[in-house]
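K.L.:
Let me give you the structure first, and then I'll get to my questions.
Protein chains: 2
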Amino acid sequence: MSKVIVDGFGGDNAPAEVLKGCRMAMDELGASILLVGDEGKLRAAAQETGVSLEGMELLHAPDVLTMEDDPTDIRRAKRESSMAVGLRALAEGKGDAFVSGGNTGALAVGATLYVKRMAGVKRAALATAVPCDGGCYLLLDAGANAECRPEMLAQFGVMGSVYMERVMGIQKPRVGLVNVGAEEHKGGETQRAAYQLLKEAPVHFVGNVEARDIPAGAADVCVCDGFTGNVVLKLTEGLAQSLMGKVKGLFLASPVTKLAALALRGGIRELKTQMDYSEYGGAPLMGIARPVIKAHGSSNAKAFKNAIRQAVTFVESGANGEMERQLAQTAAE
Amino acid sequence: MSKVIVDGFGGDNAPAEVLKGCRMAMDELGASILLVGDEGKLRAAAQETGVSLEGMELLHAPDVLTMEDDPTDIRRAKRESSMAVGLRALAEGKGDAFVSGGNTGALAVGATLYVKRMAGVKRAALATAVPCDGGCYLLLDAGANAECRPEMLAQFGVMGSVYMERVMGIQKPRVGLVNVGAEEHKGGETQRAAYQLLKEAPVHFVGNVEARDIPAGAADVCVCDGFTGNVVLKLTEGLAQSLMGKVKGLFLASPVTKLAALALRGGIRELKTQMDYSEYGGAPLMGIARPVIKAHGSSNAKAFKNAIRQAVTFVESGANGEMERQLAQTAAE
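Protein chains in written order, with the numbering used here: chain H, 353 to 685; chain F, 353 to 685.
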């Protein structure tokens, strides 16, 4: 089984929940783990939380890169952080994939610097699975590159398609370009050029997708620049929260509606779970030579376990090799 | 009272619902109306729907610009359409404001061509009131300009602020720049430059607003380019629909939950109304020398009446004069 390198000090609940998640992944999934971080602190946290380190490899890293650090700090001031040490361990082949719940920007910079991009890839993109009617869609770039050239968007489409097929098990994923209208000529110059490139790419391109149709599941892969992706992701989150708050308000209106809420309790809980995108595992960084997964910053043990599982599937699916093959094909045309 | 010029053939339900809306505006609000369109067809529609034309002025226009027409057609092929004739009537002072439920792109092109922009305005922007917790916020540009320069965004902030204060009655509106993070350096070059301009502008600038915080009402005026605005507006619409569908699904699960739905019926209806942005009237085109309002394409008589009321308020508030004054002040700094 492939070995997953885990950042012991990434995320709001590190290192306790990371440790627990690693333990769960080993016990429940049979995963091999290389946990990175200050060894003394990791051992102390293990003792405090009662988590056994048996069979878990540790790799010492004296420093921590925080959410407040500038992403480029990973190159200098924080090059001995658990994130940087873990990424170099991945580059050196000490493990097959890397999982971190830490600073997203730093992870993108560090992965590109230490692990490098796959051959031919212009920029790495952050891909996030977002809940929609009937399941979830993959949104990329979800925030790594505010501005994108058309060729970058086309590559995101190819990589996203391979990921959805190989890792998420979606047959012939529908790839859509997020745009302001369905017609081919819509949007700015970037969108118009990306449309033409995606039409020629080896993917099932379904054309432009309007934001109105995204929540209904109009595409399995939604391609856009990182600015737009951030807006889509965060607005989805904010609106779901606001609307659930309003529904809750309805229930609290009177004794009768409170009774009604009781009847609906199970369904509401399920609905909340459906809408919580942290349930869908971590966000893969697409285009890096080896699998790198960004776990949600607020991940608990179960979320870390899920991200580790996702990393294993990513490695064993051979998705990266297939992406390289298809990207080479795209470039050659 | 000011006179409103109305496009008799704009929108999915024209001319019947337009006619009824004009009648309601005259009878209930005491508005003066100049209705534009094929006179024979308007008279026939009035007879068929039983709407009295008494006191309503008609202005003949032989042609109709449809949703399928290219926006630039308003300059040539469709220059005798009700929209084009109405806009020229506004430019000539035959009325004080123009309302149309027709093709948005054509309205923006036509208003700029025939009515002209206010002094110093770089581009006209479409502004839409979008429901949020505790009321609504003004989103601009909601789709007129896919790409925007920083100075355009700063002007949108000034115009949106004046509109919210003068027309919507919001004291000291909070102006936010839609961005991918709260910090001043976030986003692309355009956002960083716009941030600096908005800081100096005569508005209550609250800095960057992340998409996650928009539905909670983080700002009264949300400034962005038309691509982002379209995504925010349409995603809000699509998500509300998807989530309401899921809530409905909960209610249909069993006889008990169906009973619960009965108890909540009134509240749900109110919630739907709250989330329906067509309830908040039409979308003003900001930066045009005289008030132009885009009514929602699916407007019924009541929505047209509301758009006419909004046009009257826009005229009588003196908002355009105040915008010109503040924009001149911005430019002079």
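The beta-carbon is built from N, C-alpha and C at its ideal position, and this holds for glycine as well.
Comparing C-alpha positions only, which one of F/Lys586, F/Arg518, F/Val527, F/Val561 sits nearest to F/Gln662?
P.N.:
Within the second sequence, numbered from 1, the residue matching residue 662 of chain F stands at position 310. Residue F/Arg518 is the option with its Cα nearest to F/Gln662.
K.L.:
For H/Glu562, count neighbouring Cβ atoms within 10 angstroms of its own Cβ and tell me buried if that reaches 16, exposed if not.
P.N.:
Here residue 562 of chain H is taken as the residue at index 210 of the first sequence, counted from 1. Looking at its Cβ environment, which holds 16 or more other Cβ atoms inside 10 Å, H/Glu562 is buried.
K.L.:
Buried or exposed: where does H/Asp390 fall if 16 or more other Cβ atoms within 10 Å of its Cβ makes it buried?
P.N.:
Counted from its first residue, the first sequence places residue 390 of chain H at position 38. It counts as buried.
K.L.:
Taking the alpha-carbon positions, what's the H/Ala568 to H/Cys574 distance?
P.N.:
In the first sequence, the residue the question calls residue 568 of chain H occupies position 216. In the first sequence, the residue the question calls residue 574 of chain H occupies position 222. One C-alpha to the other measures close to 12 Å.
K.L.:
Count the other C-beta atoms from every protein chain shown that fall within 10 angstroms of the C-beta of F/Met419, then say buried if there are 16 or more, exposed otherwise.
P.N.:
For the purposes of this step, residue 419 of chain F is taken as the residue at position 67 of the second sequence. By the neighbour-count rule (16 or more Cβ atoms within 10 Å), F/Met419 is not buried but exposed.
K.L.:
Please name the residues in the stretch 474-486 of chain F whose beta-carbon is closer than 9 Å to at least one beta-carbon of chain H, in chain order.
P.N.:
Those residues of the stretch 474-486 of chain F that come within reach of chain H (Cβ to Cβ, closer than 9 Å) are Cys484, Asp485.
K.L.:
Should H/Ser404 go down as buried or exposed, given a rule of 16 or more other Cβ atoms within 10 Å for buried?
P.N.:
Locating residue 404 of chain H in the first sequence gives position 52, where the first residue counts as 1. Label assigned to H/Ser404: exposed.
K.L.:
Taking only the alpha-carbon atoms, compute the straight-line gap between F/Ala441 and F/Ala463 and give it to the nearest angstrom.
P.N.:
Working through the second sequence from its first residue, we reach residue 441 of chain F at position 89. Working through the second sequence from its first residue, we reach residue 463 of chain F at position 111. Answer to the nearest angstrom: the Cα atoms are 11 Å apart.
K.L.:
Mapping the DSSP letters down to three states, classify F/Arg469 as helix, strand or coil.
P.N.:
On the second sequence, residue 469 of chain F is found 117 positions in, with the first residue counted as 1. Of the three classes helix, strand and coil, the one that applies to F/Arg469 here is strand, per DSSP.
K.L.:
Quick check on this structure: which residue in H/Met511, H/Gly581, H/Glu541 has the alpha carbon closest to the alpha carbon of F/Gly533?
P.N.:
As a position in the second sequence, residue 533 of chain F is number 181, starting the count at 1. Among H/Met511, H/Gly581, H/Glu541, the Cα nearest to that of F/Gly533 belongs to H/Gly581.
K.L.:
For F/Ala659 and F/Met638, I'd like the C-alpha separation in whole angstroms.
P.N.:
For the purposes of this step, residue 659 of chain F is identified with residue 307 of the second sequence, where counting begins at 1. For the purposes of this step, residue 638 of chain F is identified with residue 286 of the second sequence, where counting begins at 1. Approximately 15 Å between the Cα atoms of the pair.
K.L.:
Could you give the distance in angstroms between the alpha-carbon of H/Lys355 and the alpha-carbon of H/Gly618?
P.N.:
Locating residue 355 of chain H in the first sequence gives position 3, where the first residue counts as 1. Locating residue 618 of chain H in the first sequence gives position 266, where the first residue counts as 1. Those two C-alpha atoms are separated by around 38 Å.
K.L.:
Measuring CA to CA, which of H/Ala647, H/Met376, H/Ile385 is closest to H/Asp448?
P.N.:
As a first step, residue 448 of chain H is located in the first sequence; it is residue number 96 there, counting from the start. Ranking the options by Cα distance to H/Asp448, first place goes to H/Ile385.
K.L.:
Going by DSSP, name the residue or residues bridged to H/Asn560.
P.N.:
Translated into the one-based positions of the first sequence, residue 560 of chain H becomes position 208. Answer is H/Leu529, bridged to H/Asn560.
K.L.:
Could you check whether F/Ala571 and F/Tyr515 sit closer than 8 Å to each other, using their CB atoms as the reference points?
P.N.:
Position 163 of the second sequence, counting from 1, holds the residue named residue 515 of chain F. Position 219 of the second sequence, counting from 1, holds the residue named residue 571 of chain F. Not closer than 8 Å, so no.
K.L.:
What does the Cβ neighbour count give for H/Val608, buried or exposed, with the cut at 16 atoms within 10 Å?
P.N.:
Here the question's residue 608 of chain H lines up with position 256 in the first sequence. By the neighbour-count rule (16 or more Cβ atoms within 10 Å), H/Val608 is not buried but exposed.
K.L.:
By the 7 Å beta-carbon criterion, what residues does the stretch 538-570 of chain H contribute toward chain F?
P.N.:
Answer set for the stretch 538-570 of chain H: Gly539, Gly540, Glu562, Ala563, Arg564, Asp565, Ile566, Pro567, Ala568.
K.L.:
Whole angstroms is fine: what's the gap from F/Leu585's alpha carbon to H/Leu371's?
P.N.:
Start at 1 with the first residue of the second sequence, and residue 585 of chain F comes out as number 233. Start at 1 with the first residue of the first sequence, and residue 371 of chain H comes out as number 19. Near 42 Å, if we compare the C-alpha coordinates of H/Leu371 and F/Leu585.
K.L.:
Determine, using beta carbons only, whether F/Thr665 and F/Val510 come nearer to each other than 8 Å.
P.N.:
Within the second sequence, residue 665 of chain F is the residue found at index 313, counting from 1. Within the second sequence, residue 510 of chain F is the residue found at index 158, counting from 1. No.
K.L.:
Taking 8 Å as the threshold (beta carbon to beta carbon), is F/Gly472 in contact with chain H?
P.N.:
Your numbering for residue 472 of chain F matches position 120 in the second sequence. It does not; no Cβ of chain H falls within 8 Å.
K.L.:
Mind reading off the beta-carbon distance from H/Val461 to H/Thr424? Whole number of angstroms is fine, and I expect it under 8 Å.
P.N.:
Your numbering for residue 461 of chain H matches position 109 in the first sequence. Your numbering for residue 424 of chain H matches position 72 in the first sequence. Correct: roughly 6 Å between the Cβ atoms.
K.L.:
Using a C-beta to C-beta distance shorter than 7 Å, which residues of chain F count as neighbours of H/Lys598?
P.N.:
The residue given as residue 598 of chain H occupies position 246 in the first sequence. Leu623, listed in chain order.
K.L.:
Hey, H/Asn560 and H/Gly540: beta-carbon distance below 8 Å or not?
P.N.:
Position 208 of the first sequence holds residue 560 of chain H. Position 188 of the first sequence holds residue 540 of chain H. Going by C-beta atoms, H/Asn560 is not nearer than 8 Å to H/Gly540.
K.L.:
Once you ignore the five residues that flank F/Arg375 on each side, which residues in its own chain have a CB closer than 6 Å to its CB?
P.N.:
Position 23 of the second sequence, counted from the first residue, corresponds to residue 375 of chain F. Once the five neighbours on either side are set aside, the close Cβ partners of F/Arg375 are Val403.
K.L.:
Hey, which unbroken runs of the alpha helix (DSSP H) at 4 residues or more fall wholly within the stretch 417-496 of chain H?
P.N.:
Counting whole runs of 4 or more residues, the stretch 417-496 of chain H contains the alpha helix (DSSP H) stretches 434-443, 456-462.
K.L.:
How long is the line joining the alpha carbons of F/Ala553 and F/Ala506, rounded to whole angstroms?
P.N.:
For the purposes of this step, residue 553 of chain F is taken as residue 201 along the second sequence, with counting starting at 1. For the purposes of this step, residue 506 of chain F is taken as residue 154 along the second sequence, with counting starting at 1. So the two alpha carbons sit approximately 7 Å from each other.
K.L.:
Thinking F/Arg344 and F/His537 are a contact (beta carbons under 8 Å), I'd like their distance in whole angstroms, please.
P.N.:
This structure leaves residue 344 of chain F out entirely; chain F is present only between 353 and 685.
K.L.:
Would you verify that the beta carbon of F/Gly649 is, or is not, closer than 8 Å to some beta carbon of chain H?
P.N.:
Here the question's residue 649 of chain F lines up with position 297 in the second sequence. Answer no: the Cβ-Cβ gap between F/Gly649 and chain H never drops below 8 Å.
K.L.:
Compare the C-beta of F/Leu439 with all C-beta atoms of chain H and state if any pair is closer than 8 Å.
P.N.:
Along the second sequence, one-based indexing puts residue 439 of chain F at 87. So no, F/Leu439 is outside the interface.
K.L.:
Tell me the DSSP secondary structure of F/Met408 in three-state form.
P.N.:
Here the question's residue 408 of chain F lines up with position 56 in the second sequence. Looking at F/Met408 - three-state DSSP - the assignment turns out to be coil, as it is neither helix nor strand.
K.L.:
Relative to the C-alpha of H/Ala368, which residue among H/Val388, H/Gly362, H/Ala397 is closest?
P.N.:
Here residue 368 of chain H refers to the residue found at position 16 of the first sequence. Looking at the Cα atoms, H/Ala397 is the closest of the given residues.
K.L.:
Could you tell me which residues DSSP puts in a beta bridge with F/Gly389?
P.N.:
The residue you call residue 389 of chain F lines up with position 37 of the second sequence. Paired residue(s): F/His412.
K.L.:
Out of F/Met675, F/Gln548, F/Ala655, point me to the one whose CA is closest to F/Arg642's CA.
P.N.:
One-based indexing of the second sequence puts residue 642 of chain F at position 290. For F/Arg642, the nearest C-alpha among the options comes from F/Met675.
K.L.:
Return the chain-ordered list of same chain residues with a C-beta closer than 8 Å to the C-beta of F/Met627, the five sequence neighbours on each side being excluded.
P.N.:
Taking the first residue of the second sequence as 1, we reach residue 627 of chain F at position 275. Cβ within range, chain order: Pro483, Ala592, Met596.
K.L.:
Rounding to the nearest angstrom, what Cα-Cα distance links F/Arg501 and F/Gly670 in this structure?
P.N.:
Walking along the second sequence from the start, residue 501 of chain F turns up at place 149. Walking along the second sequence from the start, residue 670 of chain F turns up at place 318. F/Arg501 and F/Gly670: Cα-Cα distance of roughly 27 Å.
K.L.:
Return no unless some Cβ of chain F is closer than 8 Å to the Cβ of H/Gly590.
P.N.:
As a working mapping, residue 590 of chain H is identified with position 238 in the first sequence. Yes, H/Gly590 counts as interfacial toward chain F.
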